[in-house]
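Undergrad: The sequence shown lines up with residues 370 to 500 when you count with this note's numbering.
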Amino acid sequence: MILAALVGLLLVSNASFDPQLTAPMGLAAIQPGTQMSRHQKTAVLRPLIRSANDCVARAVAANPRFHKHEDAGEVNELIVVAMDACIDAMRAMISAHDRLFGEGSGEAFFMGPYLDVLPATVNKLVNDTTE
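#1: So, are the CB atoms of A444 and N496 less than 8 angstroms apart?
#2: Work out the CA separation of L417 and G481 for me, nearest whole Å.
#3: Drop a sphere of 10 angstroms on the beta-carbon of T411, count the other beta-carbons inside from all chains shown, and report buried for 16 or more, exposed for fewer.
#4: Can you tell me whether D387 is helix, strand or coil according to DSSP?
#5: List the endpoints of the continuous alpha helix (DSSP H) containing N445.
#6: Would you tell me roughly how many angstroms separate the C-alpha atoms of A465 and M452, rounded to the nearest one?
#7: Straight-line CA distance for A421 to A458?
#8: If you count every other CB in all the chains shown that lies within 10 Å of the CB of A431, and 16 or more means buried, which is it?
#9: Helix, strand or coil for L380, going by three-state DSSP, please let me know.
#10: Could you give the distance in angstroms between the alpha-carbon of T391 and the alpha-carbon of H436?
#11: If you draw a straight line from the alpha carbon of F479 to that of Q404, how long is it in whole angstroms?
And the structure:
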């Protein structure tokens, strides 16, 4: 369910997104094909992933339906709701991934590894901040 809702959100947001508006200044200067190691690329991407995670965690924690110490799977619905508020952070992360690792890699990263761990990450973040 989370996957279908997020795919729909991504399709809608693709048409109205300008990556130059949300890319960090240092990232905008990196030209496609720039020689960087995988470790360096990951280091550039890490703050954007953290920002996206933090945005979702804040939105989930602010949702009145959120209950402390919920199972990671139970926050999926709240994460879907939070995506509206965090679309800029998500698109910045996806755009940066595309710029660093190649066109199309950002969406694959988002739909795969990122979403796979997002519920557990959000659960950990909201429980760490509410205690």
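Every residue, glycine too, gets a C-beta built ideally from N, C-alpha and C.
TA: Result, derived from the coordinates:
#1: Here the question's residue 444 lines up with position 75 in the sequence shown. Here the question's residue 496 lines up with position 127 in the sequence shown. Note that residue 444 is Val in the sequence shown here, rather than Ala. Result no, Cβ atoms of V444 and N496 do not sit closer than 8 angstroms.
#2: For the purposes of this step, residue 481 is taken as the residue at position 112 of the sequence shown. For the purposes of this step, residue 417 is taken as the residue at position 48 of the sequence shown. Answer to the nearest angstrom: the Cα atoms are 17 angstroms apart.
#3: Walking along the sequence shown from the start, residue 411 turns up at place 42. When all chains shown are included, T411 counts as exposed.
#4: As a working mapping, residue 387 is identified with position 18 in the sequence shown. Residue placement at D387 is poorly supported in this model, since its pLDDT is 46, which falls under 50; the coordinates are not used for a value here.
#5: Taking the first residue of the sequence shown as 1, we reach residue 445 at position 76. Segment 445-451, the alpha helix (DSSP H) holding N445.
#6: If you number the sequence shown from 1, residue 465 lands on position 96. If you number the sequence shown from 1, residue 452 lands on position 83. Taking the straight line joining both Cα atoms gives about 18 angstroms.
#7: Position 52 of the sequence shown, counted from the start, is the residue given in the question as residue 421. Position 89 of the sequence shown, counted from the start, is the residue given in the question as residue 458. Approximately 5 angstroms between the Cα atoms of the pair.
#8: As a working note, residue 431 is residue 62 in the sequence shown. Counting Cβ neighbours within 10 Å, A431 comes out exposed, since fewer than 16 surround it.
#9: Counting from 1 along the sequence shown, the entry for residue 380 is found at position 11. With a pLDDT of 46 at L380, under the threshold of 50, the predicted position of this residue should be treated as unreliable, though the coordinate-derived value follows. Note: L380 maps to helix in three-state DSSP.
#10: By 1-based counting over the sequence shown, the position of residue 391 is 22. By 1-based counting over the sequence shown, the position of residue 436 is 67. Note that T391 scores 47 on pLDDT, short of 50, meaning its location in the model is unreliable; the coordinates nonetheless yield the value given after this. In a straight line, the C-alpha of T391 is about 32 angstroms away from that of H436.
#11: Against the sequence shown, residue 479 aligns to sequence position 110. Against the sequence shown, residue 404 aligns to sequence position 35. About 23 angstroms.
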